[in-house]
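J.: This structure is in structure tokens; I'll ask about it shortly.
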Amino acid sequence: KNAGDSKVVMLTSSYGGADASNYNITSQTFTQADITTRALNITGITVANKVYDGNTSATVNTSGVNSTSMVAMGLVAGDTVTVSATGTFADKNANTSKVVTLNSSYAGADLANYNITSQASATANITAKALTISGITAADKVYDATTNATLNTSGVNSTSLVTMGLISGDNVTLAVTGAFADKNANT
957 KNAGDSKVVM LTSSYGGADA SNYNITSQTF TQADITTRAL NITGITVANK
1007 VYDGNTSATV NTSGVNSTSM VAMGLVAGDT VTVSATGTFA DKNANTSKVV
1057 TLNSSYAGAD LANYNITSQA SATANITAKA LTISGITAAD KVYDATTNAT
1107 LNTSGVNSTS LVTMGLISGD NVTLAVTGAF ADKNANT
């Protein structure tokens, strides 16, 4: 049943007709022919959405590509071909419907009988990671009839930002302005 060139085809012949009994027939017992590979077009591989983690790795799900669903893709019912895949986002940045390039591999007892067209890509979202800023302080001041505030951001640096959720190696800068709720001295 396997694909290949010049495969032996065993022949079983029977003869009939009014004059068949007048012949001592020696039948041809075999011939040769090719069995070409069958097209199998893989679809149904999905990629999980993820929260930004600073890299392009993707979690690929091939559970939708199974012996039942693959019959509609070209697999002969009863044959065994399995699919595994890895994926890489086009870049690490948060956004929706990002292209993930798939790299698929196949196994199974009947793999050699198929000419497989792999699913090239899928899409998934990378959502923004939470980064909760703390450590900004405002300096006390003497009443001056304004709401201007002097702020101190020295507690917010590359080390403290990592503890707040920043991915190590990423660059996030902070620019802060602030004002008192009113200009009056608190008594």
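The working numbering runs 956 ahead of the 1-based position in the sequence shown. Glycine included, C-beta positions come from ideal geometry on N, C-alpha and C.
1) Could you please give the first and the last residue of the uninterrupted alpha helix (DSSP H) stretch that includes Thr1119?
2) For Leu1122 versus Thr1109, is the C-beta spacing smaller than 7 Å?
3) Return the first residue and the last residue of the alpha helix (DSSP H) that Ser1074 is part of.
4) Note down, one range per segment and in chain order, each alpha helix (DSSP H) of at least 4 residues found wholly within the stretch 976-1057.
5) Quick check: what's the CA-CA separation for Asn1051 versus Thr1083?
6) Taking the DSSP output, what are the residues bridged to Asn1108?
7) Would you kindly work out how many angstroms separate the C-alpha atoms of Ile1089 and Asn1049, rounded to a whole number?
8) Kindly identify the DSSP beta-bridge partner or partners of Ser1061.
9) Less than 7 Å between the C-beta atoms of Ala1078 and Ile998, yes or no?
10) Using C-beta distances below 6 Å, list every residue in its chain close to Ser983, excluding the 5 sequence neighbours before and after it, in chain order.
11) If we call anything under 7 Å between Cβ atoms a contact, is Thr1018 one with Val1037?
12) Could you tell me the alpha carbon to alpha carbon distance between Ser1060 and Ser1013, rounded to whole angstroms?
13) Which residues mark the beginning and the end of the beta strand (DSSP E) in which Asp961 is found?
14) Leaving aside the five residues before and after Gln988 along the sequence, list all residues of the same chain whose C-beta is less than 8 Å from its C-beta, in chain order.
15) Is it true that the CB of Ile1092 sits closer than 7 Å to the CB of Val1118?
T.: On the basis of the coordinates in this document:
1) First-last of the alpha helix (DSSP H) with Thr1119: Ser1114 to Thr1119.
2) Pairing Leu1122 with Thr1109 gives a Cβ-Cβ distance that is not under 7 Å.
3) Run containing Ser1074: none; DSSP gives neither H nor E here.
4) Runs found: 1023-1029.
5) Cα to Cα, the separation comes out at about 6 Å.
6) In DSSP, Asn1108 forms a bridge with Thr1093.
7) Rounded to the nearest angstrom, the two C-alpha atoms are 20 Å apart.
8) According to the DSSP secondary-structure assignment, Ser1061 is paired through a beta bridge with Ser1040.
9) Going by beta carbons, Ala1078 and Ile998 fall outside the 7 Å limit.
10) Once the five neighbours on either side are set aside, the close Cβ partners of Ser983 are Ser969.
11) In this structure, Thr1018 sits away from Val1037, with a CB-CB distance that is not shorter than 7 Å.
12) Rounded to whole angstroms, the separation of the alpha carbons of Ser1013 and Ser1060 is 15 Å.
13) Boundaries of the beta strand (DSSP E) harbouring Asp961: Gly960 to Met966, taken from the DSSP string.
14) Counting only Cβ-Cβ distances below 8 Å, and skipping sequence neighbours, we find Ser962, Lys963, Val964 and Val965.
15) Val1118 places its beta carbon 7 Å or farther from that of Ile1092.
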